[in-house]
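In order, the protein sequence lines correspond to chains A and B. For the first sequence, numbering that gives the first Met the number 0 gives the first residue as 0, with consecutive numbering after it. For the second sequence, numbering that gives the first Met the number 0 gives the first residue as 0, with consecutive numbering after it. Even glycine gets a Cβ: it sits at the ideal position worked out from N, Cα and C. Here is the structure we will look at, set down as structure tokens.
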Amino acid sequence: MQRIAIAERDDWKSQAETLGFSFHTIDGAPYWDETACYRFTMQQIEDDIEDPSGVIETMCFDVVARAINDEEVLRKLAIPETFWDYIRASWMEQDRNLYGRLDLSYDGNGPAKLLEYNADTPTSLYETGAFQWVWLEQAMEREIIPPNCDQFNSIHETMVEAFRNLGIPGPLHLAACKGVDEDEGTVRYIEECAAQAGLKTNFLYLEDIGIDDAGRLTDMDDMTITTLFKLYPWEWVMRDEFGLALPKSGAKVIEPPWRAILSNKGLLPLLWEMFEGHPNLLPAYFADDPRANDLTGGYVRKPLLSREGSNIEMVRPGEETLSVDGPYGAEGSIIQALHPLPVFEGNHTVIGSWLVASKPCGMGIREDNSPITKDSSRFLPHVILD
Amino acid sequence: MKRSKAVALSLMGTSALLLQACDDPQIEAKVYRDIQNCITTGELSQEQCIDIHKDALAAHLKTAPKYRSREDCYADFGYEKCQQPQQRQQASGGSGNVWMPLLMGFMASRALDGVSGGGRRGAPLYRSSDDPNTLRTSRNYPVGKSYGTQTKLPTWATQPTRTRTRTLSRGGFGARSSGWGG
Chain A
0 MQRIAIAERD
10 DWKSQAETLG
20 FSFHTIDGAP
30 YWDETACYRF
40 TMQQIEDDIE
50 DPSGVIETMC
60 FDVVARAIND
70 EEVLRKLAIP
80 ETFWDYIRAS
90 WMEQDRNLYG
100 RLDLSYDGNG
110 PAKLLEYNAD
120 TPTSLYETGA
130 FQWVWLEQAM
140 EREIIPPNCD
150 QFNSIHETMV
160 EAFRNLGIPG
170 PLHLAACKGV
180 DEDEGTVRYI
190 EECAAQAGLK
200 TNFLYLEDIG
210 IDDAGRLTDM
220 DDMTITTLFK
230 LYPWEWVMRD
240 EFGLALPKSG
250 AKVIEPPWRA
260 ILSNKGLLPL
270 LWEMFEGHPN
280 LLPAYFADDP
290 RANDLTGGYV
300 RKPLLSREGS
310 NIEMVRPGEE
320 TLSVDGPYGA
330 EGSIIQALHP
340 LPVFEGNHTV
350 IGSWLVASKP
360 CGMGIREDNS
370 PITKDSSRFL
380 PHVILD
Chain B
0 MKRSKAVALS
10 LMGTSALLLQ
20 ACDDPQIEAK
30 VYRDIQNCIT
40 TGELSQEQCI
50 DIHKDALAAH
60 LKTAPKYRSR
70 EDCYADFGYE
80 KCQQPQQRQQ
90 ASGGSGNVWM
100 PLLMGFMASR
110 ALDGVSGGGR
120 RGAPLYRSSD
130 DPNTLRTSRN
140 YPVGKSYGTQ
150 TKLPTWATQP
160 TRTRTRTLSR
170 GGFGARSSGW
180 GG
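Next up, the structure:
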């Protein structure tokens, strides 16, 4: 694993604009960054990223199978009791999951460590699956990189295949919140994949979803919604007015309700409890667990429910404590052993390993100037070259 | 291949995109140590072997990775595994201080697409210091570990690069100097 400085394609911004990648620059700061790329060997990808991602997914399913029948666990995860049956039913009925991103700390050597699982509303799918792919083909064509490079990235075709297999009846509605370019871009891309699988699709804003007198969700044409993809966290759904109506609405939702157990940081101590010592896991405990005091080598405190690095506190022996402000943390938090991200030329690098229909199928890399990855962290492309 | 074979974007943005991943082998080739090795395998006539070797030598001068210092070349190809082209062979405008790897073999290649009429071309082969058991083309494409190997490879693997100076500054095989390479 190396970071290699390379030339940018001189026309990448105009390409981004015409290909629907409007959020390539966020608040004037670069988000897509192709002034460098990361190089991996095939063995690093297959042995250290791809295979472990599949193993982690399997362990996560074991956690869900245990949690849905354990009220104490559901309570610890701060999942409202009114949704327990709903979550349980979605697991028992095997409602299918679509996609998720494991965030891993990996420096090219040794086992990748799971930092967290974005199992509900992951973003950066488009830039990983499509724009990064286009970059690779063009960078080889233009001799910016050697022509025999590959990339761990079959996300696009795996997404299309997944939609073919989901068995979605009737139209698929897809919703994002108004006014968030990055979210809308991600959902538009997911719509693109669904359409290529032959599904009839219908994009709308989450705020525009209606409800009829029978408690069914409706779209802008007053048609009922039977399957809804929502880029909106389950924990927020469960506190919304319509969210309370969802279990009786008859609509299937992607990601399904049981994913709320995995997108919760409480997953990390549950994994450690069931699979303590697994090479891809870090020691983790609920904050009120006395064993949390044993993490003397530094730790990271994460709220059960938080996004994009908000409300993260990093306590490092002999160094100042880092923290990021934010609106989360009321539900409680977990403590995870400190495993700092590797630093490449001053950049703190995290690997996002993508699973589509539970199949590991791609990777995206984010860099930040600080040890905590945030929504403003830059996205860099990668290559596989032995 | 660990990436999608194609990515289509037809709904997003203002222009549709359909790109195919491009890595299908389009050349078949047989690997030889030298003219004698070529002749003794018996598949090509003596005359063909000499012609193809000559072709490979010409391509060697044209497409071999080139370095401004002997040390840089040694770093990529090994101690005393580099040469300076003879004065009369140098391309016009050459700086006069150019180092390139020794020719370690050649390939008789034939396009599979039929466009080129099925004629055989010669192409030079090298061995890099970090992976000396593998024969590679001037574009660092591995073709096998032993002479006599029959192989398939993509068209670009033997083509000269279009932007030579830029590629060379990174070193075509240069794991140490650049991060790329074998």
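Closest to residue i by CA distance: which of the options is it?
| i | options | result |
| --- | --- | --- |
| B/Ala7 | A/Ser332, A/Trp90, A/Trp132, A/Cys36 | A/Trp132 |
| A/Val159 | A/Gly166, A/Ala194, A/Arg187 | A/Ala194 |
| A/Pro339 | A/Pro359, A/Cys360, A/Pro316 | A/Pro316 |
| A/Ser332 | A/Asp288, A/Pro341, A/Leu354, A/Asp367 | A/Asp288 |
| A/Gln42 | A/Asp149, A/Arg8, A/Phe285 | A/Asp149 |
| A/Trp233 | A/Leu379, A/Val299, A/Gly242 | A/Gly242 |
| A/Leu171 | A/Lys199, A/Gly296, A/Gly351 | A/Lys199 |
| A/Gly325 | A/Val314, A/Glu318, A/Pro341, A/Gly308 | A/Gly308 |
| A/Asp46 | A/Lys247, A/Tyr105, A/Tyr116, A/Arg74 | A/Tyr105 |
| A/Ser21 | A/Glu80, A/Asp180, A/Thr217 | A/Asp180 |
| B/Ala74 | B/Gln47, B/Asp129, B/Ile38, B/Cys37 | B/Asp129 |
| A/Leu203 | A/Thr320, A/Ile5, A/Thr217, A/Asn117 | A/Thr217 |
| A/Arg306 | A/Lys247, A/Thr295, A/Trp235, A/Leu113 | A/Trp235 |
| A/Asp26 | A/Pro380, A/Asp374, A/Val382 | A/Asp374 |
| A/Met237 | A/Pro168, A/Met139, A/Glu70, A/Trp83 | A/Trp83 |
| A/Asn117 | A/Glu254, A/Ala35, A/Ala175, A/Pro168 | A/Glu254 |
| B/Thr150 | B/Lys29, B/Lys53, B/Gln35 | B/Lys29 |
| B/Asn36 | B/Phe76, B/Cys72, B/Ser145, B/Thr154 | B/Ser145 |
| A/Phe285 | A/Val72, A/Met58, A/Phe378, A/Ile55 | A/Val72 |
| A/Glu318 | A/Gly297, A/Gln93, A/Ala329, A/Cys192 | A/Gly297 |
Can you check whether the CB of residue j is closer than 7 Å to the CB of residue i?
| i | j | result |
| --- | --- | --- |
| A/Leu269 | A/Ala336 | no |
| B/Glu42 | B/Arg109 | no |
| B/Met103 | B/Arg126 | yes |
| B/Pro123 | B/Ala58 | yes |
| B/Ala156 | B/Thr136 | yes |
| A/Asn346 | A/Leu303 | no |
| A/Gly99 | A/Leu354 | yes |
| A/Arg38 | A/Ile3 | yes |
| A/Val299 | A/Asp102 | no |
| B/Met11 | A/Gly19 | yes |
| A/Leu267 | A/Tyr231 | no |
| A/Pro110 | A/Asn279 | yes |
So is residue i buried or exposed if we call it buried at 16+ other beta carbons inside 10 Å?
| i | result |
| --- | --- |
| A/Ile334 | buried |
| A/Leu384 | buried |
| B/Ser14 | exposed |
| A/Asp220 | exposed |
| A/Thr24 | exposed |
| A/Gly178 | exposed |
| B/Leu17 | exposed |
| B/Tyr78 | exposed |
| A/Asn147 | buried |
| A/Pro145 | buried |
| A/Arg258 | buried |
| A/Phe240 | Before going further, note that residue 240 of chain A is Glu rather than Phe in the sequence given. Exposed: under 16 other Cβ atoms inside 10 Å. |
| A/Gly249 | exposed |
| A/Asp9 | exposed |
| A/Thr81 | exposed |
| A/Asn68 | exposed |
| A/Glu115 | buried |
| A/Lys229 | buried |
| A/Ser52 | buried |
| A/Asp212 | exposed |
| A/Ser372 | Note that residue 372 of chain A is Thr in the sequence shown here, rather than Ser. By the neighbour-count rule (16 or more Cβ atoms within 10 Å), A/Thr372 is buried. |
| A/Ser322 | exposed |
Output yes if chain A places a C-beta closer than 7 Å to the C-beta of residue i; else output no.
| i | result |
| --- | --- |
| B/Met0 | yes |
| B/Thr154 | no |
| B/Leu8 | yes |
| B/Ser91 | With a pLDDT of 44 at B/Ser91, under the threshold of 50, the modelled position of that residue is not reliable, and the figure given next carries that caveat. False, the Cβ-Cβ gap to chain A never drops below 7 Å. |
| B/Thr13 | yes |
| B/Tyr140 | yes |
| B/Leu16 | yes |
| B/Ser108 | no |
Please check if any C-beta of chain B sits within less than 7 Å of the C-beta of residue i.
| i | result |
| --- | --- |
| A/Leu18 | yes |
| A/Phe82 | no |
| A/Asn147 | yes |
| A/Ile151 | For the sequence presented, residue 151 of chain A should be read as Phe rather than Ile. Yes, because at least one Cβ of chain B sits closer than 7 Å to the Cβ of A/Phe151. |
| A/His172 | no |
| A/His23 | no |
| A/Glu136 | yes |
| A/Glu366 | no |
Inset, instruction - Could you say if the segment 353-369 of chain A and the segment 142-158 of chain A meet the contact criterion of at least three C-beta pairs nearer than 8 Å? - result: yes
Legend entry - Stretch-stretch touch, CB-based, cutoff 8 Å, three pairs: the segment 181-191 of chain A with the segment 121-128 of chain A: yes
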